[in-house]
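One structure is given here, and the rest of the page talks about it.
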Amino acid sequence: MKSKKIQSKGPKRPKSVYLRYCDDKRPTLPKMSLGDMGKLLGEMWSKEDEKVKEKYNKLYQQDVAKYDAEMEEFKKTPEYAQEQEAKKHEKAQARKDKKNGKSKREKKVSAYNIFMKEHYANAKKSGVTLKIGKENSELTTKWKNMSQKEKEVYEKKALEMNQQAKGAIVGEEQSSD
240 MKSKKIQSKG
250 PKRPKSVYLR
260 YCDDKRPTLP
270 KMSLGDMGKL
280 LGEMWSKEDE
290 KVKEKYNKLY
300 QQDVAKYDAE
310 MEEFKKTPEY
320 AQEQEAKKHE
330 KAQARKDKKN
340 GKSKREKKVS
350 AYNIFMKEHY
360 ANAKKSGVTL
370 KIGKENSELT
380 TKWKNMSQKE
390 KEVYEKKALE
400 MNQQAKGAIV
410 GEEQSSD
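Numbering of the sequence shown is given in the working numbering, commencing with residue 240 and proceeding in unit increments.
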């Protein structure tokens, strides 16, 4: 079961000093990529006069005061109490799931993963020190050159492991309902 993040109906936090500055300066910039625009705005902000920064800081402080007042009013509403209860329930459920060993998403095992795991385990048993990059490329080449019949062994193992994992997850979900 995927949980949805609870969206607050309360007041939104004010934009930071820098973000407000960027919003004001962005229309004056030529068309460019978002990354380049971010770099340029960052440079402009770092070179900006302290008086200009102070102006934006005062606006931010006013917005924070307004936000705090609105938030205090919102905390008195039943919507706020419902949100807090929902967040509390979500956290409790997450702790319960973690305690029971449930993960958010079980990854499927591929035939290739099993092949790699076995070869690393064999190398470890024999005491061979592996150079990961070189070993990976050699094993990948070996996997690609294997016949379909040789790969079927690993594919069967992967299928079995995935079915077992799926059965375990279904069993956990049914027992927790």
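Beta carbons are placed, not taken as given, at the ideal position from N, Cα and C, and that holds for glycine.
Quiz item: What are the boundary residues of the alpha helix (DSSP H) that Val256 is part of?
Solution: Val256 to Lys264 is the extent of the alpha helix (DSSP H) around Val256.
Quiz prompt | Rounded C-alpha distance that separates Arg252 from Asp336 | solution = Answer to the nearest angstrom: the Cα atoms are 31 Å apart.
Quiz item: Can you name, in chain order, every residue of its own chain whose Cβ lies under 7 Å from the Cβ of Phe313, other than the five neighbours on each side?
Solution: The residues Gly249, Pro250 and Tyr319, in chain order, have a CB closer than 7 Å to that of Phe313 in the same chain once the five nearest residues on each side in sequence are set aside.
Exercise. Would you identify the three-state DSSP class for Ser386, choosing helix, strand or coil?
Key: Residue state, collapsed to three classes: coil.
Quiz prompt | Reduced DSSP category for Gly277 - H, G, I as helix; E, B as strand; rest coil | solution = Residue state, collapsed to three classes: helix.
Quiz item: Which residues bound the alpha helix (DSSP H) around Leu268?
Solution: Note, Leu268: premise wrong, no alpha helix (DSSP H); not H, not E.
Quiz item: According to DSSP, is Arg334 helix, strand or coil?
Solution: Helix, per DSSP.
Practice problem: Check whether the Cβ of Lys381 lies closer than 7 Å to any Cβ atom in chain B. | Solution: Given the protein chain composition of this structure (a single chain), no chain B is represented.
Practice problem: Would you kindly work out how many angstroms separate the C-alpha atoms of Lys270 and Lys278, rounded to a whole number? | Solution: About 14 Å.
Quiz item: Who are the near neighbours of Met276 in its chain, counting only those whose CB is closer than 8 Å to its CB and skipping five residues on each side?
Solution: So the qualifying residues of the chain are Arg265 and Leu268.
Quiz item: Are there 16 or more other CB atoms within 10 angstroms of the CB of Val256, so buried, or fewer, so exposed?
Solution: Buried, by the Cβ-count rule.
Quiz item: Can you tell me where the alpha helix (DSSP H) with Gln301 in it begins and where it stops?
Solution: For Gln301, the enclosing alpha helix (DSSP H) begins and ends at Glu289 to Phe313.
Practice problem: Could I get the ranges of all uninterrupted alpha helix (DSSP H) runs contained in the region 343-371, with 4 residues as the minimum, in chain order? | Solution: For the region 343-371, whole alpha helix (DSSP H) runs of length 4 or above, ordered along the chain, are 350-364.
Quiz prompt | Contact check, Val348 vs Met400, beta carbons under 7 Å | solution = Met400 sits close to Val348, with the two beta carbons spaced by under 7 Å.
Quiz item: Distance, Cα to Cα, Lys363 vs Leu378?
Solution: Distance between the alpha carbons of Lys363 and Leu378: 15 Å.
Quiz item: Tell me which same chain residues have a C-beta within less than 8 Å of the C-beta of Lys418, skipping the five on either side of it?
Solution: No answer is possible for residue 418: the residues shown for the chain start at 240 and end at 416.
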